[in-house]
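full-length UniProt numbering numbers the first residue of the sequence shown as 1 and each following residue consecutively.
Beta carbons are placed, not taken as given, at the ideal position from N, Cα and C, and that holds for glycine.
Because the structure is a prediction, the values reported are computed rather than measured.
Report on the following structure.
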Amino acid sequence: MHSSHLLLEEPIRMASILEPSKATFFPAMTKIVGTLGPKSRSVDAVSGCLKAGMSVARFDFSWGDAEYHQETLENLKAAIKSTKKLCAVMLDTVGAEMQVVNKAGKAVSLQADGLVVLTPDQGQEATSEILPINFDGLAKAVKKGDTLFVGQYLFTGSETTSAWLEVAEVKGQDVVCSIKNSATLAGALFTLHVSQVHIDLPTLSEKDKEVISTWGVKNKIDFLSLSYTRHAEDVREARELLSKLGDLSQTQIFAKIENVEGLAHFDEILKEADGIILSRGNLGIDLPPEKVFLFQKSALYKCNMAGKPAVLTRVVDSMTGNLRPTRAEATDVANAVLDGSDAILLGAETLRGLYPVETISTVGRICSEAEKVFNQDLYFKKTVKFVGEPMTHLESIASSAVRAAIKVKASVIICFTSSGRAARLIAKYRPTMPVLSVVIPRLKTNQLKWSFSGAFEARQSLIVRGLFPMLADPRHPAESTSATNESILKIALDHGKAAGVIKSHDRVVVCQKVGDASVVKIIELED
């Protein structure tokens, strides 16, 4: 762990705090992942989310069937068409999640100091005395005194809707618990967490595999969010599954770290995964509250140095039912940006919250303010030092492009790329200006037909801080004559002008390949 984790510019002018926030085309460099559900799945609602700044839509298979999610996805496609805003698709698996089976869907009230039995007998009705669960190994996994937590799916931490339980005794396959606080559990799905105990459920369940190979393949998902990743092997297993599913070999795997077991193997998991999601809700149950900020800072730093996107969850829980976040939440969002998050993931806030659009725009505004005071200079030095010498060819080009852009106060960096790697490397150095990544499609063949790659690469940069993709016309190869590059550059500049990030007389840094060499050039616009 490095010291000086306070990535804040000094000093902050008081006047800047009083200035009104300016609305721009790029609401923030930090990206927002929205979970689509009952309150955010109509074409109008999704269009509102896209306009407010959502760039990745998360489809959570912990609830809802494939038809339901397909309908939502069709609405997303219609919304993308009408708003002309790109959006990537993330499939979130169920994973090793213990659930209380409440077939009747009736509310269950638990009384403090009473007893409740957790049983694997799913034929039983959920009542205040007995809760059937989907896992028959609980009695073997826990011992007297262990702590359990039960709450509505995507609980927001309100103690009236969730309860802490303590194991009183184990009877055969049943676990008898004493109830620590009174609560009413509402909704059809409650989840159960046991603090710091290994739960012997597979990371990819049979249902997950089926959903990925049917719904996932049909919809060419950009990201797979692997719930309850506990070991690097979990990621390798998912990668193997995807490699056999045609287009999904290009899908990126984001390991979702949800418990102490995942944290213990964090370094190996980070090596295997394409990105990390820190599921702070579940981690907050598994870890003592005083440790939460530490793992966040340390994990984000490691992701930043590896140049892999880091996504943080559970930031504005209270906006599920309120129009404004609490002070603690507003500060938390800003700190997530200063700590190095690439994206903020909204769960309950957009899934069942009353204000999905307002939540996205509020989070976007807070991110944008935090970005203005992000200490880029310190961050850049730390990254260069971490990379060490000799730098690879690509690292040196990427860091030089960012340094040049900052020195000449460029309004934007334009990067021509076909795999998206060069653009991601530039973004790793966290330039203060947006990076327009112009993805040049590559022609590929599987001996039967020719096809262009590029759409995956473009959408996958929608989760990286500061990266804004644009898919070029496939007739323009990335590494060809200067004439075609000039014509794409003009299209990219026009795109930037239309978006309001490039004005006349601005300077722009361009990063591209010419033959075998990579070139960084600075352009000053005349008109």
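With burial defined as no fewer than 16 other Cβ atoms inside 10 Å of the residue's Cβ, what is the status of residue 140: buried or exposed? What you label residue 140 is simply residue 140 of the sequence shown in a count that begins at 1. Exposed, since its Cβ has fewer than 16 Cβ neighbours within 10 Å.
According to DSSP, is residue 512 helix, strand or coil? Working through the sequence shown from its first residue, we reach residue 512 at position 512. Strand, per DSSP.
In terms of residue numbering, what span does the alpha helix (DSSP H) encompassing residue 293 cover? As a working mapping, residue 293 is identified with position 293 in the sequence shown. Going by DSSP, residue 293 is part of the alpha helix (DSSP H) stretching over 292-306.
Residue 478 in three-state terms, based on DSSP: One-based indexing of the sequence shown puts residue 478 at position 478. Note that residue 478 scores a pLDDT of 48, beneath 50, so its modelled location is shaky; the value from the coordinates is reported in the next line. Here residue 478 sits in coil by DSSP.
Between residue 127 and residue 108, how many whole angstroms is the CB-CB distance? I'm expecting something under 8 Å. Numbered from 1 along the sequence shown, position 127 holds the residue referred to as residue 127. Numbered from 1 along the sequence shown, position 108 holds the residue referred to as residue 108. Contact between residue 127 and residue 108 holds: CB atoms are separated by about 7 Å, below the 8 Å threshold.
Can you tell me where the beta strand (DSSP E) with residue 191 in it begins and where it stops? Looking up residue 191 in the sequence shown gives position 191. Unbroken beta strand (DSSP E) run through residue 191: 189-194.
Residue environment, residue 557, which counts as buried when at least 16 other CB atoms sit within 10 Å: No information on residue 557 is available, as it lies outside the stretch 1 to 527 that the chain covers here.
So is residue 243 buried or exposed if we call it buried at 16+ other beta carbons inside 10 Å? In the sequence shown, counting from the first residue as 1, residue 243 sits at position 243. With a threshold of 16 other beta carbon atoms within 10 Å, residue 243 falls short and is exposed.
With 16 other CB atoms within 10 Å as the buried threshold, where does residue 165 fall? Along the sequence shown, read from residue 1 onward, the residue named residue 165 stands at position 165. Buried is the call here.
Taking the alpha-carbon of residue 121 as reference, which of 115, 318, 105 and 130 has the nearest alpha-carbon? Numbered from 1 along the sequence shown, position 121 holds the residue referred to as residue 121. Per the C-alpha coordinates, the member of 115, 318, 105 and 130 positioned closest to residue 121 is 130.
Go to residue 241, then tell me how far its beta strand (DSSP E) extends in each direction, as first and last residue. For the purposes of this step, residue 241 is taken as residue 241 along the sequence shown, with counting starting at 1. No beta strand (DSSP E) contains residue 241, which is instead part of the alpha helix (DSSP H) from 232-243.
Using the C-alpha atoms, what's the distance from residue 337 back to residue 374? Numbered from 1 along the sequence shown, position 374 holds the residue referred to as residue 374. Numbered from 1 along the sequence shown, position 337 holds the residue referred to as residue 337. One C-alpha to the other measures close to 8 Å.
Whole angstroms are fine: how far does the CA of residue 503 sit from the CA of residue 458? As a first step, residue 458 must be located in the sequence shown, where it is residue number 458. As a first step, residue 503 must be located in the sequence shown, where it is residue number 503. One C-alpha to the other measures close to 24 Å.
Could you pull out every residue in the same chain whose Cβ sits closer than 6 Å to the Cβ of residue 33, ignoring the five residues on either side in sequence? In the sequence shown, counting from the first residue as 1, residue 33 sits at position 33. Close CB contacts of residue 33 within its chain, under the 6 Å cut and outside five residues either way in sequence, are with 56, 58, 343 and 345 (chain order).
Between the segment 30-48 and the segment 350-361, can you find at least three pairs of beta-carbon atoms closer than 8 Å? With a cut-off of 8 Å, the segment 30-48 and the segment 350-361 count as touching, because enough Cβ pairs lie within range.
Could you spell out where the alpha helix (DSSP H) holding residue 356 opens and where it closes? Stepping through the sequence shown from its first residue, residue 356 is reached at position 356. Unbroken alpha helix (DSSP H) run through residue 356: 356-372.
Please confirm whether residue 429 and residue 402 have their CB atoms less than 8 Å apart. Residue mapping note: residue 429 aligns to position 429 of the sequence shown, counting from 1. Residue mapping note: residue 402 aligns to position 402 of the sequence shown, counting from 1. Judged by beta-carbon spacing, residue 402 lies within the 8 Å limit of residue 429, meaning their Cβ atoms are closer than that value.
For chain B, is any of its Cβ atoms less than 8 Å away from the one on residue 340? Checking the listed chains, one finds no chain B in this structure; it contains a single protein chain.
What residue range is occupied by the uninterrupted beta strand (DSSP E) comprising residue 169? Translated into the one-based positions of the sequence shown, residue 169 becomes position 169. 162-171 is the span of the beta strand (DSSP E), which, as asked, contains residue 169.
Can you look up residue 521 in the DSSP assignment and give me helix, strand or coil? The residue given as residue 521 occupies position 521 in the sequence shown. Three-state DSSP puts residue 521 in a strand.
On the DSSP bridge list, what partners appear for residue 147? Taking the sequence shown and counting its residues from 1, the one referred to as residue 147 is at position 147. Bridge partners of residue 147: 166.
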